[in-house]
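If you use full-length UniProt numbering, the sequence shown closes out at 941, no skipped numbers anywhere.
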Amino acid sequence: MASKLHINKPYVLKTLSHPLDRPDGPGRHTVGEVLGQKQASKRRKRSELSVSVDGDAIHLYDISSSQALTSYLVPPQSFFTCPAYSLRWRPAATGNITRYTYASTKNTLSAKSEVKLFKDVVSESGTSTTTTATHVHRCDAPIIFLAATSAKKSNPYPDQALPGYGVVAVAADGTILSLHGETLEKKWQSAPAIFVQELSSASGVSDFRVEFVQSSLAADVIDGMFGGKSDLFGVFQEKVHREGFNPDILIAITSFQDTATTRRRHLHILAFPEARVSRQGTGQNIIPLFVSPLPTDVSPSKYQLDVKAGALQELANDVLYSYTITGGIPRLETQLPVPGLRSFVRLSKTSVLAATPEALSIYNPAYRSLQTTTAVDDETFGGPLAASGQQDTCDLLLYLAGREMAVGLRGASLIAVQVEAPRTRGLKRRADGLLVDAIRRGISGQPPCSHSSEHISAAILEEPLPGSLSETYWAEWQQKSAEADELFHAQNLAGFEELLAGVFKIETAQPDKPNGVRPSKKDVAKSVAKSTWLPPSGDYPQVDRRWVLYAIGKVFTWNDKAVGDVEALQLACALPESNALSYLVNAGHLSTSNIKSAFNAETLEMDDVDNVIGEELPQLLDSVDPTLELLTSYLSVTMVGSVELTASIKLLLGSLGLLQNASSGQELQAIAGTPEDGGDDSIMMELDRAEEELQITEYYLGNESDSRARGLSVAFSKLAACPAAHTVQSLRRLFKPEEVICLMNILRMELIKDGWTTRYLDGPADAEEEADTASNESIQLISNLLCRCLDSVGLGGWMGFDMMLTGGGGGDHADDEAVDFFGQFQAEVSVALEGIFEAVRLQGSLSEAVGYANRARAAAAGAHLSKGSAVRSQALPFGLKTDAPVSADRVRSGGEVVARSRRQMGLFQSKKQKAYSVTRISEESLQGRLGAVVVKQEGGI
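Printed below as a string of structure tokens:
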């Protein structure tokens, strides 16, 4: 399956100096990464490299500019044991920039092993100061890893704004050395037993060595390798947090000899407590946290670990092993055998760039599929290697995701490989070009139907679906395509079209001779294709897209446009009278994407290939079929864009004579002003020709069955559905301003013809006119197209060019014609405004009618409810209620009972009354001689 990834041709980034030989073999180049950190910020990778050349120097290169930043010389007798570590430090308080570069060297004469520091300080004024420091260590094995720890929060150099971190060096025998970051003074040193004591068979370990080391932070290790579980990190007094306590972690892979032929390997995770005392109170400088065996016993030549993703990959014996680390335990996920594999670099979760002596390829290790490949040779890298002992392959070193570039080393040259990602993808890379993406690609998009009781024969499964990639179908495709090529090159068009008809599942009919005898096979082979392809009764059958692209490549040709030739078409038709062309048009296969895919090699470097195809294809169909039947079918059944539709509309309007230039009126005036030049005969001939063209135009406009009218209707409908921005750009690209004005005038005439501008002023129309009334969607279509035409030419251009088209470009009557133009413009605006007023009034009337209908419907629905039954209850009449009388006595605070006065009783009685009530207060009630019930009547009298 075709991949969306693309590997550009590798190129030489920088030519390095040749190294001096080592005691144990030829000299080498070691490449390391360069990191950058700003005070109180995270450490990030920079687009720079540190290249260490044995016996020469350490060079720092900028990848983007391919320029050397700085160099640090070393003695000729020194060689490097591991890649140099470089860190660019920028404090927040000052503008000084400090670059720390650490390297591990060994002297061939004195056999001394040293760790060197090259420190560059660039001040704000631009002056540079370089200082060096050296530490001679006593480790028996060479240093294989150098790194700087994270900057401490308690900085011992607050005034100087120094980072205050340390340097960690790991030897091949497991010795760990901690040095001061500024002076390289020794802080502490741990024995190899820190690794061996965690192994199950610590007593029987022989030939122990460290094969791979990488540093990280505790938060990244917890999230990537332990799934967010921090149980193993409970040895610290503080909880690990990404923004808080986040100690440094060492991840190492060790091996030892188990038997005579096998070696056992383990994954170790160690932590630096940063001078904090662990909960056990041991006070160790380094704490082993976890150890787990690797499930394979191979001897890899290269490792690559992605801590955040929890993925480990290793290369051994031309096989790429991929592990997934879950809970700290590595589990073998996939094995990808690649013959001749020499190096690799991880691009993403689903992509790996592999290098062999013959090619650079991108594989998916999960599905063991090839996504893309590109061949390489000596000419690709600028010639063969100069040294005989150097490898002929590109040793891939690292991948810069921000620049989508892989960097490798071949001999004494630094190589860059640009991996071009798909243009349509987002920020996050997804899996492209996989075998799993082919699932359901050959299945039609029809909705699933209900289960049928009929028994389906198994023979239907024998026919492969379009696009299948079985071995049988692939062999059949190659055989038929080769046979078609032979027929095409032999100019046997009859046989060529007969083969294509069988592939496209189209029935053919051979024509009879005049005497009723069918032609022989020999006559058919010699003649031009005379057979007719019969159109199917329903839809065209589904076919393999490869055959569609093959037919397009044979029917059409792509020509390079000559410089200065404006009218020449790059797309040409090689078989204008063939049945294959009619099939491609009627089946809807002539889309821009299919043509671009058929001529992918010719259009790869073109930027505006979509616009070129969209402009030239309608012109090509017009030249092939002057009746424009092919163009109408193309517009009806093909998925077209705004460029194709705009070019087709221009051709259709030009064939009807409805497009004119602004200078056409002036040319007619010039011809009419000099009648003596041509004589009366020439004038009569011009008048006859104009009358004939007028009759043809009226026939085309009046006959609705004409192909041009149908083509215009389809083109206008599809153009209104296209995005407005694309339509405006297409109009500006293909139409002149005066042609856009002509198109607007045509649309305005359609408004008048359909009655959209006169309906509110005219009286009631007769029945015949009512039957021909346009649909309500036409006003929306025409208005959208008018708005887009106006956007493409501008308001001032519309008014200016429209006045020129009416004849106001010059002459004695220019002022009168300008007045007439603006008068007509004012009349049209008045009619439109009156129509808006009428529409608003009609909307108000309809709103009232609809509201009344809704209320009447609700009232009618309530009238059908059942009537309630009468119920007898012992109660007072409506509006009456009972209330307790006011007591004639009251109790004071001291417990004394006294009688209320008439004034107090009347006050309490009035407080009990509600608004709008009338109560009869008798003298007996005030004297307290009334019964226990007082009757009151509420409401008005």
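C-beta: ideal position from N, C-alpha, C; glycine also.
Give me the Cβ distance between residue 612 and residue 570, rounded to the nearest whole Å; I'm assuming they're in contact under 8 Å. 6 Å
Under 7 Å from any heavy atom of the ligand SAM, does the C-beta of residue 847 make it? By its list of ligands, the structure shown contains no ligand whatsoever, and the ligand SAM lies outside what it can speak to.
Reduced DSSP secondary structure (H/G/I, E/B, other) of residue 646: helix
Contact belief for residue 100 with residue 117 at Cβ below 8 Å, rounded distance in angstroms: The pair is a contact, with the Cβ atoms about 7 Å apart (cut-off 8 Å).
Express the C-alpha separation of residue 5 and residue 351 in angstroms, rounding to a whole number. 10 Å
Give me the residue from 890, 11, 846 with the minimum Cα distance to residue 394. Answer by Cα proximity: 11.
What would DSSP say about residue 205, mapped onto helix, strand or coil? coil
Sheet register partners of residue 88 (DSSP bridge): 36, 99
Below 6 Å CB to CB, which residues in the same chain sit around residue 297 once its five sequence neighbours on both sides are set aside? 262
Inter-residue Cα distance where the pair is residue 219 and residue 290: C-alpha of residue 219 to C-alpha of residue 290: approximately 15 Å in a straight line.
Within the same chain, show all residues whose beta-carbon is closer than 8 Å to that of residue 525, passing over the 5 residues directly before and after it, in chain order. With a pLDDT of only 43 at residue 525, under 50, the local geometry of the prediction cannot be trusted, and no value is derived from it.
Host beta strand (DSSP E) of residue 948 (start-end): Absent from the structure is residue 948, since the part of the chain shown begins at 1 and ends at 941.
For residue 634 and residue 586, what's the separation of their Cα atoms in angstroms? Rounded to the nearest angstrom, the gap between the Cα atoms of residue 634 and residue 586 is 7 Å.
Decide if the stretch 126-145 is in contact with the stretch 38-57; the criterion is three or more beta carbon pairs, one per stretch, under 8 Å apart. no
Would you mind sorting residue 852 into buried or exposed? The rule is 16 or more other CB atoms within 10 Å of its CB. exposed
Check for me: the alpha helix (DSSP H) holding residue 711 runs from which residue to which? Element bounds for residue 711: 707-721.
Looking at residue 782 and residue 712, is the spacing between their C-beta atoms short of 8 Å? no
When you compare the CB positions of residue 144 and residue 82, do they come within less than 8 Å of one another, or not? In this structure, residue 82 lies closer than 8 Å to residue 144 by Cβ.
So, is residue 330 buried or exposed, given that buried needs 16 or more other C-beta atoms within 10 angstroms? buried
Have a look at 545, 786, 171 and flag the residue whose alpha-carbon is nearest the alpha-carbon of residue 597. 545
Looking at residue 647: is its Cβ nearer than 8 Å to the Cβ of residue 618? yes
Give every residue of the same chain whose Cβ lies closer than 6 Å to the Cβ of residue 56, excluding the five residues on either side of it in the sequence, and list them in chain order. 17
Determine the direct distance from the alpha carbon of residue 246 to that of residue 86, and round the result to whole angstroms. Going from the Cα of residue 86 to the Cα of residue 246 covers about 22 Å.
Across which residues does DSSP place residue 304 in a beta bridge pair? 313
Best match in 893, 894, 884 for proximity to residue 905 [C-alpha to C-alpha]: 884
Identify, in the order they occur along the chain, each residue of the same chain with its Cβ nearer than 6 Å to the Cβ of residue 98, setting aside the five sequence neighbours on each side. 89, 121
Span separating the alpha-carbon of residue 620 from that of residue 593: Roughly 17 Å between the two C-alpha positions.
Quick one: what's got a C-beta closer than 6 Å to residue 1010's C-beta in the same chain, skipping five residues either side? The question about residue 1010 has no answer here: the residues shown for the chain are numbered 1 through 941.
Can you tell me which of the three DSSP states residue 192 falls into? coil
Residue range of the alpha helix (DSSP H) that includes residue 726: 724-734
Delimiting residues of the alpha helix (DSSP H) encompassing residue 614: Its alpha helix (DSSP H) spans residues 609-624.
Less than 8 Å between the CB atoms is what I'm expecting for residue 742 and residue 659, so what's the real figure, rounded? 5 Å
Taking DSSP as the reference, what is the three-state secondary structure of residue 780? helix
With residue 479 as the anchor, note down where its alpha helix (DSSP H) starts and where it stops. 471-489
Just how far apart, CA to CA, sit residue 189 and residue 176? 6 Å
Rounded to the nearest angstrom, what separates residue 184 and residue 607 at their Cα positions? 56 Å
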